[in-house]
Amino acid sequence: MDEFHKIRRLPPYVFEPVNRIKAKARAAGADIIDLAMGNPDLPTPKHIVDKLTETVLDPRTHRYSTSRGIPGLRKAQAAYYQRRFGVKLNPETEIVATLGSKEGFANMAQAITSPGDVVLVPNPTYPIHSFGFIMSGGVVRSMPAEPNEEFFRAIDRAVRHSIPKPIALIVNYPSNPTAYTVDLHFYKEVVRVAKQHNIMVLSDLAYAEIYFGTTPPPSILEVDGAKDIAVEFTSLSKTFSMPGWRMGFAVGNEHMIKALSRVKSYLDYGAFTPIQVAAAAALNGSDNCIQEACDIYKTRRDVMVESFGRAGWEIPSPEATMFAWVPIPEKFREAGSLEFATRLVEEAHVAVAPGIGFGEYGDDHVRLAFVENEQRIRQAARNIKRFLASAQ
Ligand SMILES: Cc1ncc(COP(=O)(O)O)c(C=O)c1O
Numbered sequence: 001m002d003e004f005h006k007i008r009r010l011p012p013y014v015f016e017p018v019n020r021i022k023a024k025a026r027a028a029g030a031d032i033i034d035l036a037m038g039n040p041d042l043p044t045p046k047h048i049v050d051k052l053t054e055t056v057l058d059p060r061t062h063r064y065s066t067s068r069g070i071p072g073l074r075k076a077q078a079a080y081y082q083r084r085f086g087v088k089l090n091p092e093t094e095i096v097a098t099l100g101s102k103e104g105f106a107n108m109a110q111a112i113t114s115p116g117d118v119v120l121v122p123n124p125t126y127p128i129h130s131f132g133f134i135m136s137g138g139v140v141r142s143m144p145a146e147p148n149e150e151f152f153r154a155i156d157r158a159v160r161h162s163i164p165k166p167i168a169l170i171v172n173y174p175s176n177p178t179a180y181t182v183d184l185h186f187y188k189e190v191v192r193v194a195k196q197h198n199i200m201v202l203s204d205l206a207y208a209e210i211y212f213g214t215t216p217p218p219s220i221l222e223v224d225g226a227k228d229i230a231v232e233f234t235s236l237s238k239t240f241s242m243p244g245w246r247m248g249f250a251v252g253n254e255h256m257i258k259a260l261s262r263v264k265s266y267l268d269y270g271a272f273t274p275i276q277v278a279a280a281a282a283l284n285g286s287d288n289c290i291q292e293a294c295d296i297y298k299t300r301r302d303v304m305v306e307s308f309g310r311a312g313w314e315i316p317s318p319e320a321t322m323f324a325w326v327p328i329p330e331k332f333r334e335a336g337s338l339e340f341a342t343r344l345v346e347e348a349h350v351a352v353a354p355g356i357g358f359g360e361y362g363d364d365h366v367r368l369a370f371v372e373n374e375q376r377i378r379q380a381a382r383n384i385k386r387f388l389a390s391a392q
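So for the sequence shown, full-length UniProt numbering puts the first residue at 1; every next one is plus one.
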């Protein structure tokens, strides 16, 4: 049978090749230190788990739930946006709960894309930003991931030269995998330019709460009038260490939220009600657990920067996210990120994410996630030091 049209447009997921090599090395008895996937290893805070277990005992919660999210959950998300960003959202028309932000993003792409629509997507970036649109029949035009003058020049070129004209722009700050951050001034300019050219903006704010400085990352919706053209995706996966729970949100422009809700109403009946109740408890609860998680990631970041640096591999220190985006050492750069990541697993027993998995402009970097404890990070540095000293 010929390969299906859609599958021909979906290369194996970013982690698949490295996972295969990792599994093979583990089967041969190697202790692999896994910095590849951004899969938080911290436990979900106890008060959230307690709310889930308490709620699940009520059989009324076992029925189908609501696709848009139960009202209490949407209200909790509105309260979070008000408290954290000073942004007022109507829980009835401007918020939809999603089964993780990845599902929400992909189904938003499906909802708003006509065949052949051009979408401006950073490169390198988290894969769903491009493949959500590719799966929906759209055409992706690469944008620089770095938020500087060149970013706006690229929008200008895209508007002048893309046929048809772009319908949407994706922004993701703090960024995965690059860890770039922006201030509100940048978003003001994005909103101004997007409005000028009638472009929708999809902002992925999955790392809103994982930052190490004193200034919290802003929301694009803080910009006056942003709701006219923008939606934003947030996630409980990193904020509350709940990756397996699959809970996120899309908020903002009413017309786009309505379109997403319509698509989702055909696809799902919402997350399991106890998960939604526990997610509301997370959003309504104290911020202490968020701070504790940030402190742990920050310590790991510092340990990684220091120990890898001493091992002979300079790690740029990120200001946010749970990732370091690291140039491949000069002598391995030519061979590319997949080859380098493969050698690190096989010869240093350290797994990293190859930059090519995030787009062709990521091929001279690898991404290291802060998902192993300090002792294991130091062990990884020792392994890498040996590898760098002996590798040809
Ligand atoms: C930038 C970005 N967006 C979205 C997601 C997906 O998060 P969720 O678990 O909410 O689907 C991730 C997960 O790594 C991410 O890095």
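From the three backbone atoms N, C-alpha and C, an ideal C-beta is built for every residue, glycine too.
From the DSSP output, in three-state form, read off PRO218 for me.
Position 218 of the sequence shown, counting from 1, holds the residue named residue 218. PRO218 falls in the coil class under three-state DSSP.
Who are the near neighbours of residue 396 in its chain, counting only those whose CB is closer than 6 angstroms to its CB and skipping five residues on each side?
The structure shown does not extend to residue 396, since the chain is modelled only from 1 to 392, so the question has no answer here.
In the DSSP assignment, find the beta strand (DSSP E) that holds ILE21 and state where it starts and stops.
Counted from its first residue, the sequence shown places residue 21 at position 21. Looking at the DSSP string, ILE21 is not in any beta strand (DSSP E); the run it does join, the alpha helix (DSSP H), is 16 to 27.
Would you say the beta carbon of GLY100 is closer than 7 angstroms to some non-hydrogen atom of ligand 1?
Along the sequence shown, one-based indexing puts residue 100 at 100. Using a cutoff of 7 angstroms, the CB of GLY100 counts as near ligand 1, since one of the ligand's heavy atoms is closer than that.
If you scan the segment 86 to 119 from start to end, which runs of the alpha helix (DSSP H) of 4 or more residues do you find wholly inside it?
For the segment 86 to 119, whole alpha helix (DSSP H) runs of length 4 or above, ordered along the chain, are 101 to 112.
Could you tell me whether any non-hydrogen atom of ligand 1 is closer than 7 angstroms to the CB of GLY248?
Counting from one through the sequence shown, the residue named residue 248 turns up at place 248. Residue side-chain check: GLY248 places its Cβ nearer than 7 angstroms to a non-hydrogen atom of ligand 1.
Would you kindly check if the distance between the Cβ of THR44 and the Cβ of GLY270 is under 8 angstroms?
Indexing the sequence shown from 1 puts residue 270 at position 270. Indexing the sequence shown from 1 puts residue 44 at position 44. THR44 is positioned such that its CB atom lies no closer than 8 angstroms to that of GLY270.
Which ranges does the alpha helix (DSSP H) cover as unbroken runs of at least 4 residues, wholly within the segment 152 to 232, from first to last along the chain?
The qualifying runs are 184 to 196.
Alpha carbon to alpha carbon, what distance is there between ASN148 and TRP245?
Residue mapping note: residue 245 aligns to position 245 of the sequence shown, counting from 1. Residue mapping note: residue 148 aligns to position 148 of the sequence shown, counting from 1. About 35 angstroms.
Would you decide whether PRO316 is buried or exposed? Buried here means 16 or more other CB atoms lie within 10 Å of its CB.
Taking the sequence shown and counting its residues from 1, the one referred to as residue 316 is at position 316. Burial call: exposed.
Nearest to THR125 (by Cα), restricted to the options VAL366, ALA380, PHE370
As a first step, residue 125 is located in the sequence shown; it is residue number 125 there, counting from the start. Ranking VAL366, ALA380, PHE370 by Cα distance to THR125 puts VAL366 first.
Where do the ends of the beta strand (DSSP E) carrying PRO274 lie?
Translated into the one-based positions of the sequence shown, residue 274 becomes position 274. If you look at PRO274, you'll find it isn't in any beta strand (DSSP E); it sits in the alpha helix (DSSP H) that goes 273 to 284.
Run through DSSP, which three-state label would TRP313 get?
The residue given as residue 313 occupies position 313 in the sequence shown. In the structure shown, TRP313 falls within a coil segment according to DSSP collapsed to helix, strand and coil.
Excluding the five sequence neighbours on either side, which residues of its own chain have a C-beta within less than 7 angstroms of the C-beta of SER307, listed in chain order?
Here the question's residue 307 lines up with position 307 in the sequence shown. Apart from sequence neighbours up to five positions away, the residues of its chain that approach SER307 with a beta-carbon distance below 7 angstroms are ILE377, ARG378, ALA381, ordered along the chain.
Applying the criterion that 16 or more other CB atoms from any shown protein chain within 10 Å of the CB defines a buried residue, is ASN383 buried or exposed?
Indexing the sequence shown from 1 puts residue 383 at position 383. Within 10 angstroms of the beta-carbon of ASN383 lie 16 or more other beta-carbons, which makes it buried.
C-alpha distance - SER219 paired with ALA389, whole-angstrom precision:
Position 219 of the sequence shown holds residue 219. Position 389 of the sequence shown holds residue 389. When the Cα atoms are used, SER219 and ALA389 turn out to be separated by approximately 44 angstroms.
From the DSSP output, in three-state form, read off ASP268 for me.
Numbered from its first residue, the sequence shown carries residue 268 at position 268. In the structure shown, ASP268 falls within a coil segment according to DSSP collapsed to helix, strand and coil.
Would you grab the beta carbon distance between ASN176 and PHE340 for me? Rounded to a whole angstrom, and I think it's under 8 angstroms.
What you label residue 176 is simply residue 176 of the sequence shown in a count that begins at 1. What you label residue 340 is simply residue 340 of the sequence shown in a count that begins at 1. At roughly 19 angstroms, the Cβ-Cβ gap does not stay under 8 angstroms, so ASN176 and PHE340 are not in contact.
Bridge-paired residues (DSSP) for ALA369
In the sequence shown, residue 369 corresponds to position 369, counting from 1. Residue pairing by DSSP places ALA369 opposite PHE323 in a beta bridge.
Mark GLY116 as exposed unless 16 or more other C-beta atoms lie within 10 angstroms of its C-beta, in which case mark it buried.
Numbered from its first residue, the sequence shown carries residue 116 at position 116. It is exposed - the Cβ of GLY116 has fewer than 16 other Cβ atoms within 10 Å.
Starting from VAL56 and walking both ways along the alpha helix (DSSP H), at which residues does that stretch end?
Within the sequence shown, residue 56 is the residue found at index 56, counting from 1. Judged by DSSP secondary structure, VAL56 falls within the alpha helix (DSSP H) whose first and last residues are 46 to 56.
Beta carbon of LEU344 nearer than 8 angstroms to that of MET304
Mapped onto the sequence shown, residue 344 falls at position 344. Mapped onto the sequence shown, residue 304 falls at position 304. In this structure, the beta-carbon distance from LEU344 to MET304 does not fall below 8 angstroms.
Quick check on DSSP: helix, strand or coil for PHE4?
In the sequence shown, residue 4 corresponds to position 4, counting from 1. Correct three-state label for PHE4: coil.
Give me the DSSP bridge partner(s) of PHE249.
Within the sequence shown, residue 249 is the residue found at index 249, counting from 1. DSSP lists ALA97, THR234 as partners of PHE249.
Which word fits GLN82, buried or exposed, when buried means at least 16 other C-beta atoms lie within 10 angstroms of its C-beta?
Position 82 of the sequence shown holds residue 82. Exposed, since its Cβ has fewer than 16 Cβ neighbours within 10 Å.
I need the DSSP call for ASP302, collapsed to helix, strand or coil.
The sequence position of residue 302 within the sequence shown is 302, counting from 1. The answer is helix: DSSP assigns ASP302 an H, G or I state.
ALA335 in three-state terms, based on DSSP
In the sequence shown, residue 335 corresponds to position 335, counting from 1. Here DSSP, grouped into helix, strand and coil, assigns ALA335 to coil.
Just to confirm, does TYR126 get its C-beta within under 7 angstroms of one of the non-hydrogen atoms of ligand 1?
Looking up residue 126 in the sequence shown gives position 126. The answer is yes for TYR126.
Residue of ILE21, GLU3, PHE4 minimising C-alpha distance to GLU346
Position 346 of the sequence shown, counting from 1, holds the residue named residue 346. Sorting ILE21, GLU3, PHE4 by C-alpha distance to the C-alpha of GLU346 places ILE21 at the top.
Other residues of its chain near PRO144: CB distance less than 6 angstroms, five sequence neighbours each side excluded:
By 1-based counting over the sequence shown, the position of residue 144 is 144. Within its own chain, the residues whose Cβ lies closer than 6 angstroms to the Cβ of PRO144, once the five positions on either side in sequence are excluded, are GLU150, PHE151, ALA154, listed in chain order.
With a threshold of 7 angstroms, establish whether the CB of SER235 neighbours any heavy atom of ligand 1.
Locating residue 235 in the sequence shown gives position 235, counting from the first residue. At least one heavy atom of ligand 1 is nearer than 7 angstroms to the Cβ of SER235, so yes.
Endpoints, the beta strand (DSSP E) within which ARG60 is located
Position 60 of the sequence shown, counted from the first residue, corresponds to residue 60. Counting along the chain, ARG60 sits inside no beta strand (DSSP E), nor does DSSP assign it H or E at all.
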